[in-house]
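Here's the structure we're looking at; comments come further down.
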Amino acid sequence: MGRVAIVTGGTRGIGEAICKRLQRQGHTVIANYAGNEEKARAFTEATGIPARRWDVGDYEATQAGCAAVAEEFGAVDIVVNNAGITRDGTLHKMSFEDWNDVMRINLGGCFNMAKATFPGMRERGWGRIVNIGSINGQAGQYGQVNYAAAKSGIHGFTKALAQEGAKFGVTVNAIAPGYIDTDMVAAVPAPVLEKIVAKIPVGRLGMAEEIARGVAFLTSENGGFMTGSTMSINGGQHMY
Ligand code: NDP
């Protein structure tokens, strides 16, 4: 059965692969993005998937964005909280803004999206929320106290909200990707990336589509008994 799905940060990288996969599953997919208009236009032209701009870290903008999607496409039953940023630096060089932006967007975005969509899912007795965490939220990472804290927070947020949704047919799960070949990883300096890949037992970076397949399962009818879990998709880099 086709549902209405919002994928935040859906116009490139992992989010783009998730959008395409959910579209192939027969859902009406809406991709949210932050501001890269050129990429969003190209994405919509290539896929036919509408893109809607708002900052998931902005509470009011997220409520308005989700309300507009529901008005235009129908009640939202699937949310994939994928939007995320990095502002890396060791603690002594990290500004409060770098800390706050990452917490506000990566973790706050999950809260803001859930506030806009979870009550409706609960009332209708069916919903799927998938939050994209990270291996670095599980294991920590040098130079990423902000990102690791936000992603680790996502895993706690997932387990708490899963308990609230369980009786109402709403599952809430997280996926913790390892290193996936996207713009975010392209920003990692080559010598650092080589060392990272050397630590991945399968010997390569992951592909965005490999995360999308996990989302497809968690958002399907078949995923109904799985809630509050974290699916680690990381090539064996961190067995948790
Ligand atoms: P990209 O940097 O390639 O894409 C990020 C997407 O998020 C873009 O569509 C961007 O929009 C959007 N975005 C950023 N900030 C906001 C915001 N405030 N509001 C709405 N949308 C926003 O990221 P990836 O595809 O690599 O990563 C996707 C998710 O997976 C992130 O949460 C990331 O932390 C996580 N992850 C990624 C890993 C990797 O190896 N790539 C590993 C582990 C986790 P726009 O194009 O407009 O800027």
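Per the numbering used here, the very first residue in the sequence shown carries number 1; after that it's consecutive.
We put the CB at the ideal spot given by N, CA and C, even for glycine.
Taken atom to atom, the span from the alpha-carbon of Arg122 to that of Gly74 is near 15 Å. Annotation: Gly26 to Gly2 spans about 5 Å, alpha carbon to alpha carbon. At a Cβ-Cβ threshold of 9 Å, Val80 and Val215 count as neighbours. When DSSP states are grouped into helix, strand and coil, Arg213 belongs to the helix group. In the three-state reduction of the DSSP assignment, Met121 falls in the helix class. Look at the beta carbons and you see the stretch 153-160 touching the stretch 104-114: at least three pairs across the two are nearer than 8 Å. Beta-bridge partners assigned by DSSP to Pro177: Ile233.
Residue environment analysis places Lys195 among the exposed positions, since fewer than 16 neighbouring C-beta atoms fall within 10 angstroms of its C-beta. Gly165 is a Cβ neighbour of Thr227, given a cutoff of 9 Å. Remark: C-beta atoms of Phe43 and Arg21 do not approach each other more closely than 9 Å.
Per DSSP, Asn146 is one residue of the alpha helix (DSSP H) stretching across Val145 to Gly165. Here the alpha carbon of Phe225 sits roughly 19 Å from the alpha carbon of Ile233. In this structure, Thr158 has its CB at a distance of at least 8 Å from all heavy atoms of ligand 1.
Annotated three-state conformation of Thr47 is helix, per DSSP. The Cβ atoms of Val29 and Cys19 sit closer than 9 Å to each other. Counting only the Cα atoms, Ile180 lies some 16 Å from Asn131. As computed with DSSP, Arg52 is found in a beta bridge with Asn32.
In the same chain as Phe217, and ignoring 5 residues on each side of it, the C-beta atoms closer than 7 Å to its own belong to Gly223, in chain order. C-alpha of Leu193 to C-alpha of Pro177: approximately 16 Å in a straight line.
Ile135 has its Cβ nearer than 8 Å to a heavy atom of ligand 1. Arg52 sits buried, since 16 or more C-beta atoms from the chains shown fall within 10 Å of its C-beta. Here the alpha carbons of Pro50 and Ala187 stand approximately 27 Å from one another. The C-alpha of Thr182 is placed about 15 Å away from the C-alpha of Asn36.
Across the structure, Ala40 and Ala34 are spaced so that their CA atoms are roughly 9 Å apart.
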